[in-house]
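Trainee: For reference, the structure I am asking about is given below.
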Amino acid sequence: MGTGRFSEHMQAFGQWKARLIDTITDYQRWLDETGLRDPEDELRLFELQSSLRVDRLTVAFVAEFARGKTELINAIFFSEYDRRLLPSEPGRTTMCPTELFYDNEANESYVRLLPIETRADDSSITEHKQNPADWSTIRLDTASPDLMAEAFQEVIRTKRVSVEEARRLGLFTDDQLGRNEAPPAQVEIPKWRHAMISFPHPLLKQGLSILDTPGLNALGSEPELTLNMLPNAHAVVFVLAADTGVTKSDLEMWRSHVQRPDNTDGLLVVLNKVDTLWDELKEAGAIAASVENQREQAAALLGVEARRIFPVSAQKGLLAKIRHDQALLAKSNVLAIEQVFVDQILDQKQELLQKRIGGELGVMMGAARRLLASRLSEQRAQRDELASLGGKNEQVIRHLMTKTREEQVAYHRSVESFQINRRIFSQQAKRLLAILDLAELDKLMTQTREQMTDSWTTGGVKSAMKNFFDGSIDTMSQAVQQVDQLNKLMQSIYRRFEEAHGLNGAKIPQFSLSKYRKELDQLSRDAEAFRKSPATTMTEQSFVVKKFFISLVSHVRNVFFRAHTEAEAWSRAGLAPLVALIKERKRQMENRLENLRRINESRDTLQGRLDDLERECNALERQLGTIDGLLGNISDAPRGGSEDLGTLTARAAL
1 MGTGRFSEHM QAFGQWKARL IDTITDYQRW LDETGLRDPE DELRLFELQS
51 SLRVDRLTVA FVAEFARGKT ELINAIFFSE YDRRLLPSEP GRTTMCPTEL
101 FYDNEANESY VRLLPIETRA DDSSITEHKQ NPADWSTIRL DTASPDLMAE
151 AFQEVIRTKR VSVEEARRLG LFTDDQLGRN EAPPAQVEIP KWRHAMISFP
201 HPLLKQGLSI LDTPGLNALG SEPELTLNML PNAHAVVFVL AADTGVTKSD
251 LEMWRSHVQR PDNTDGLLVV LNKVDTLWDE LKEAGAIAAS VENQREQAAA
301 LLGVEARRIF PVSAQKGLLA KIRHDQALLA KSNVLAIEQV FVDQILDQKQ
351 ELLQKRIGGE LGVMMGAARR LLASRLSEQR AQRDELASLG GKNEQVIRHL
401 MTKTREEQVA YHRSVESFQI NRRIFSQQAK RLLAILDLAE LDKLMTQTRE
451 QMTDSWTTGG VKSAMKNFFD GSIDTMSQAV QQVDQLNKLM QSIYRRFEEA
501 HGLNGAKIPQ FSLSKYRKEL DQLSRDAEAF RKSPATTMTE QSFVVKKFFI
551 SLVSHVRNVF FRAHTEAEAW SRAGLAPLVA LIKERKRQME NRLENLRRIN
601 ESRDTLQGRL DDLERECNAL ERQLGTIDGL LGNISDAPRG GSEDLGTLTA
651 RAAL
C-alpha cells in the first residue's frame, strides 16, 4: 500500500470493500438480465455483501497499568479531536475490556456497559452481546467531543463492595492477602465487566475495531479475553514503558496471555515513554544508545528480536499531531507504528479478504460465465446450422430433427445417472450434518456439566473436562472422514459429467474442516493448561465449572455451529453448477427442435429466426464482456508495502 498515514490506507481499504459490494450488486443485476439468477446464489451473495459491511480490522492493546496504552491509542487513532478522547491521564486507567468500533448495522452511536454483576451468571460476554437488555446504554452526542469524553469516563469507574460480594464475583481470593493479613471489610472492583463504544469516527466507520484491555488481573479473571478476543484480533500490541523496564508482571502477562511462540504475525511490542530518556544535557548519540540499550534488554527478556520492539513516545506523538509539529512527530516514532499497521496488518487483512470473498465470487462468476459462454456457443451453432438450410429439402430438416431427438434421449439418460449420484451425495451430506449437529454436542455438554457438578474431587472435575474434549475431537474426526468421502464423490460426479458433456475445466468445489479441527485442537490445549493450572486446583469448584463452560465449552459449541453452517451451505451449493448446466442444455435442445420444427412447417420463418439468433448472439457477447469486467473488478486489489521492519524500528525516538 506504500507509505503514508494509517488513516489514509484504512480509508482506501474501506473504499475497496465498498467497490466490492458494488461489484456484487452489479453481478446480481447481470444475473437478472441473463436469466441465471438462482435462489441459493442470491442468498450467498447477500451474505457476502453483509459480511463486507460488518467486516472489521481488530487491533488489541495489552499492557499492565500505567504503561501509556490508552495514550498510544489516542495518539495513533484519535488525535484529530485536539484532545485526549479516551481517558488516559495519570492515575486513571481502563478498568474493563473496552471495544471501540462503529455499529454499521444499527448506524448508532452509544456506550454499552455490561454490569460487573453478570460475572455471577453462566453466560459469556459473547452470549451477552446477543441480548442488549443485559447492558446499560448511554447515547453519544457526537457533536460534542466534551460530552463524548465524559461518557467514555465510564470505562475507568470502580465501586466498593464487600469481600463476600467480590468473592462471589470471582474478583477476590485469599491469595491477595499477605501472611496473617485479615481480609478488609470492603474492596474496590470495576463497575463494569465489559464496554462497547460505537461512534462514527472515520476509521471506525471504515471497519477498524480497537480492543483496549485492562491489566494482568483482568486478563486472568476474564478468560474469554485471552481464549477468544485476543487470538481473534488481527493485531496485538503489547505495551511496555521505558521508565519501568520489563517488570515481573509484564513478563507474566507476556508469557501467559500474549506470547505466540508459533506465530508472530500481527504481534507488535511497543516500548513507550522513551521521552523519559530524552535528556537535554546529553548528545543525541548518547540518547539513542540509551534507547537502544532499553530495547535490547526488553528483547532479551521477552525472547524476541530487538527489531520487533518499537521505541515510541505516545504522549509526544499525540501532542505533535495536535500542534502539527512534524519534527516532534518524527521524534516520537508514532508514525513507524502506523506504517507497521499498514504493511503487516492491513495488507494481510485485505489479502485474506480478497482470497475468501474474492475467491468465492470468482468461482460463482466463473460458473455463470461458462454457462453463458455455452449458451453463446449453442446459439452460434444454431445460427450456422439454420443458415445452411436455405437450399435444403424437407428430408434433410427431418433428419436433423431426428438426430437432435436422439441426442436429447441420450442426454436424458445421463441426467438420470446424475440424479442417482445426486441422491447418494445428499444422503452422505445428511450424515455429515448429523455428525456436526449441535443437539448431539449439547447432550455431551449437559453430561459434562452434571459430572463436574456432582464430582466430589478435583480429579473428578478434571476428568470430566478431559472426557468432554476427547468426545468433541472424536466427533470432529468423524466429520473430517465423512468430508473426505463427500469430496471424492463430488469429484467423481463432476468428472463423469465432464466426460459426457464437457465443462470446460469447471472448478470442483471442495470442502475442508481443517480450520475447525485446528481451532478445536487449540481449545483442547487451552483446556489442558486450564486443568493443570494451580489456580484451577485452588479455585472453588462452582467457579471452575463456570469458567470452563464460559471460556472453553461455549467456544467449542461455536466451532461446531460454524462448521455445521458452512457444511450445510457447501452441500447445497456444491452440485449447483451442474444442475444449472443441465437446465441450460435442456433449454438449448428444446430451442433447437422448435427452430427446426417451425422451419420445416414454413421456410418463410428462416430469415426471421436467423435475424433473431444474430441479435441474441450480439447480446450474449455484450453480457460476456460485462461479466469479464466484473471478474476483473474482484481481482483489482491495491497491493504493496514500503519499508521493512528493520528500517522502521531503526528510527529510534531520539
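Numbering (our numbering) for the sequence shown: 1 to 654.
We treat Cβ as the ideally placed atom computed from N, Cα and C, and that holds for glycine.
Classify Asn333: buried if its beta carbon has 16 or more other beta carbons within 10 angstroms, exposed otherwise.
Mentor: So Asn333 ends up on the buried side.
Trainee: Please classify Pro132 as buried or exposed, where buried requires at least 16 other C-beta atoms within 10 Å of its C-beta.
Mentor: Under this definition Pro132 is an exposed residue.
Trainee: Hey, out of Ile627, Ser635, Leu631 and Asn633, whose CA is closest to Asp32's CA?
Mentor: The residue with the shortest Cα to Cα distance from Asp32 is Ile627.
Trainee: How close, in whole Å, do the beta carbons of Gly317 and Ala75 come, if the pair is a contact with beta carbons under 8 Å?
Mentor: Correct: roughly 4 Å between the Cβ atoms.
Trainee: In or out: Ser512 buried (at least 16 other Cβ within 10 Å) or exposed?
Mentor: Its Cβ having fewer than 16 others within 10 Å, Ser512 is exposed.
Trainee: Checking 8 Å against the spacing of the C-beta atoms, do Leu281 and Ser290 come in under that value?
Mentor: Not closer than 8 Å, so no.
Trainee: Report the partner residues of Thr58 according to the DSSP bridge assignment.
Mentor: Answer is Ser209.
Trainee: Within 10 angstroms of its Cβ, does Pro577 collect 16 or more other Cβ (buried), or is it exposed?
Mentor: It counts as buried.
Trainee: Give me the residue from Leu372, Met401 and Ala373 with the minimum Cα distance to Leu386.
Mentor: Of the listed residues, the one whose Cα sits closest to Leu386 is Met401.
Trainee: Rounded to whole angstroms, what's the CA-CA distance from Asp212 to Val62? Just pull it up for me.
Mentor: If I take the Cα positions, the gap works out to 7 Å.
Trainee: With DSSP as the reference, please indicate the residues paired to Met196 in a beta bridge.
Mentor: Partner(s): Glu99 and Arg112.
Trainee: Buried or exposed: which applies to Asn272, given that a residue is buried once 16 or more other Cβ atoms fall within 10 Å of its Cβ?
Mentor: So Asn272 counts as buried.
Trainee: Determine the DSSP secondary structure at Ile508, reduced to helix, strand or coil.
Mentor: Correct three-state label for Ile508: coil.
Trainee: Whole angstroms are fine: how far does the CA of Arg572 sit from the CA of Gln326?
Mentor: Those two C-alpha atoms are separated by around 57 Å.
Trainee: Can you tell me which residues form a DSSP beta bridge with Asn272?
Mentor: Looking at the DSSP assignment, Asn272 forms a beta bridge with Ala241.
Trainee: Given this structure, state the Cα-to-Cα distance separating Glu360 from Tyr102, to the nearest angstrom.
Mentor: Cα-Cα distance, rounded: 27 Å.
Trainee: I need the boundaries of the beta strand (DSSP E) containing Gln186, first residue and last residue.
Mentor: That run of the beta strand (DSSP E) goes Gln186 to Pro190.
Trainee: Using CA coordinates, which residue listed in Arg260, Met229 and Val274 is at the minimum distance from Leu240?
Mentor: The shortest C-alpha separation from Leu240 is found at Val274.
Trainee: State the start and end residues of the unbroken beta strand (DSSP E) segment that holds Phe310.
Mentor: Phe310 -> beta strand (DSSP E) spans Ile309 to Pro311.
Trainee: Going by DSSP in three states, Leu225 sits in which element: helix, strand or coil?
Mentor: Correct three-state label for Leu225: helix.
Trainee: Taking the alpha-carbon of Ser183 as reference, which of Gln588, Glu164, Asp437 and Leu444 has the nearest alpha-carbon?
Mentor: Rather than Ser, the amino acid found at residue 183 in this sequence is Pro. Of the listed residues, the one whose Cα sits closest to Pro183 is Glu164.
Trainee: When you compare the CB of Ser51 with every CB in chain C, is at least one pair closer than 8 Å?
Mentor: The structure shown contains no chain C, having only a single protein chain.
Trainee: Rounded to whole angstroms, what is the Cα-Cα separation between Ile634 and Thr23?
Mentor: Roughly 7 Å between the two C-alpha positions.
Trainee: Which stretch, first to last residue, makes up the alpha helix (DSSP H) that contains Ser162?
Mentor: Segment Thr158 to Ser162 is the beta strand (DSSP E) holding Ser162; no alpha helix (DSSP H) there.
Trainee: Check whether the Cβ atoms of Leu346 and Met10 sit closer than 8 Å, and answer yes or no.
Mentor: Against a cut-off of 8 Å, the Cβ pair of Met10 and Leu346 comes out as a contact.
Trainee: Please report the residue range of the alpha helix (DSSP H) in which Thr626 lies.
Mentor: From DSSP, the alpha helix (DSSP H) with Thr626 extends over Thr605 to Ile634.
Trainee: If you compare alpha carbons, which of Ala166, Arg84 and Phe152 is closest to Ala120?
Mentor: Measuring from the Cα of Ala120, the nearest candidate turns out to be Ala166.
Trainee: What would DSSP say about Leu144, mapped onto helix, strand or coil?
Mentor: According to the sequence displayed, residue 144 carries Ser and not Leu. Of the three classes helix, strand and coil, the one that applies to Ser144 here is coil, per DSSP.
Trainee: In terms of alpha-carbon separation, which member of Phe468, Gln419, Arg380 and Asp442 lies closest to Tyr494?
Mentor: Considering only alpha carbons, the answer is Gln419.
Trainee: What whole-angstrom Cβ distance do Thr58 and Asn228 have, given they're in contact under 8 Å?
Mentor: Wrong, their Cβ atoms sit about 12 Å apart, outside the cutoff.
Trainee: Closer than 8 Å is the cut-off here; do at least three beta carbon pairs connect the segment 182-199 with the segment 151-164?
Mentor: Yes: at least three Cβ pairs fall under 8 Å.
Trainee: DSSP state of Ala235, grouped into three classes?
Mentor: Ala235 falls in the strand class under three-state DSSP.
Trainee: Going straight from the alpha carbon of Glu181 to that of Glu64, what length do you get?
Mentor: Going from the Cα of Glu181 to the Cα of Glu64 covers about 26 Å.
Trainee: May I have the straight-line CA-CA distance separating Glu594 from Gln395, to the nearest angstrom?
Mentor: Going by the C-alpha atoms only, they are around 17 Å apart.
Trainee: Cutting at 8 Å between CB atoms, please list the residues of its own chain near Leu251, excluding the five before and the five after it.
Mentor: The residues are Leu301 and Leu302.
Trainee: If contacts are defined as beta-carbon pairs under 8 Å, then Gln339 and Gln428 qualify, I think. What distance do you get, rounded to the angstrom?
Mentor: Gln339 to Gln428, Cβ: 50 Å. No contact.
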